[in-house]
Structure formats: C-alpha cells, structure tokens
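Okay, so here's the structure we're looking at.
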Amino acid sequence: MKRLMAKKVSSANPGATAKQRFRYHAPAAMMVLLAADFTDWQAKPIPMKKGADGVWEVEVNLAPGTYHYRFMVDGEWRDDPECTLRVPNPFGSANAVRHVA
C-alpha cells in the first residue's frame with residue numbers, strides 16, 4: 008500500500024477537543040478503517056464498527072484544526088462521498104478535509 012503524506016495540524020486551542028463522527032456506507036464490506044493524518048495514515052488506522060444499516064461509524068476526539076483523511080474499505084482506498092471538500096494528494100487521488108472548530 009502507498010503511504011499518504013500527513014498534513015500538519017494547526018490548532019488555536021491545543022487543550023480543547025471536539026468529538027467527530029466519521030461514517031461510511033458499505034454494507035458488503037468486511038472491514039472499514041479510518042486513515043488520516045491524525046492516525047499516521049496506515050501506521051495506526053482506526054477500525055470502524057458496522058451498524059445493522061450497513062453504515063460503518065467511529066467517533067474520535069480531535070483538537071481544533073484541519074485534518075485530512077480517507078477510508079480503507081477491504082484494503083482499498085475510498086473517498087468520503089459525504090465530504091465535498093477535498094485536496095489532491097501525491098498519489099493521484101484526493102484526501103477529504105475536515106475542519107474542527
């Protein structure tokens with residue numbers, strides 16, 4: 008697997024965190040992982056839990072800042088279809104962007 012480059016996180020209030028929910032609809036998937044700059048991408052991706060409706064979810068606490076992320080679905084990189092803000096990455100695809108206030 009290719010390693011995606013991390014983006015430096017900027018934080019106005021380093022002690023504060025906000026709960027962020029990430030969701031991905033993949034009813035046929037066996038495994039969905041959240042990979043992001045805050046997980047060191049493939050080094051420590053976060054496993055997501057599958058709901059009865061086929062939606063995989065995870066909540067993480069993040070400090071204020073800007074974060075880049077993607078989903079890994081059964082070992083394949085996938086975009087977040089619910090996120091319209093994306094930036095190109097060096098691998099020819101795009102990372103989703105999440106701003107945390």
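For the sequence shown, this note's numbering gives the first residue as 8, with consecutive numbering after it. Don't be surprised by glycine CBs; every beta carbon is placed ideally from N, CA and C. Keep in mind the model is a prediction, meaning the values are calculated, not measured.
- With three or more CB-CB distances shorter than 8 Å, the region 29-41 counts as touching the region 53-62.
- Comparing alpha-carbon positions, the option among HIS32, THR73, ARG77 lying closest to ILE53 turns out to be ARG77.
- Excluding five sequence positions before and after ARG85, the CB atoms of its chain that fall closer than 6 Å to its own CB belong to PHE78, given in chain order.
- LYS56 and VAL65 have their C-alpha atoms spaced approximately 6 Å apart.
- Where MET79 is concerned, the enclosing beta strand (DSSP E) starts and stops at 72-80.
- DSSP places PRO34 outside any beta strand (DSSP E), giving it a letter other than H or E.
- DSSP places PHE29 in the strand class (E or B) of the three-state scheme.
- The beta carbon of GLU89 sits closer than 8 Å to those of ARG30, all from its chain and outside the five residues before and after it, given in chain order.
- Between GLY82 and the set ALA42, PRO97, HIS32, the nearest pair of CA atoms involves ALA42.
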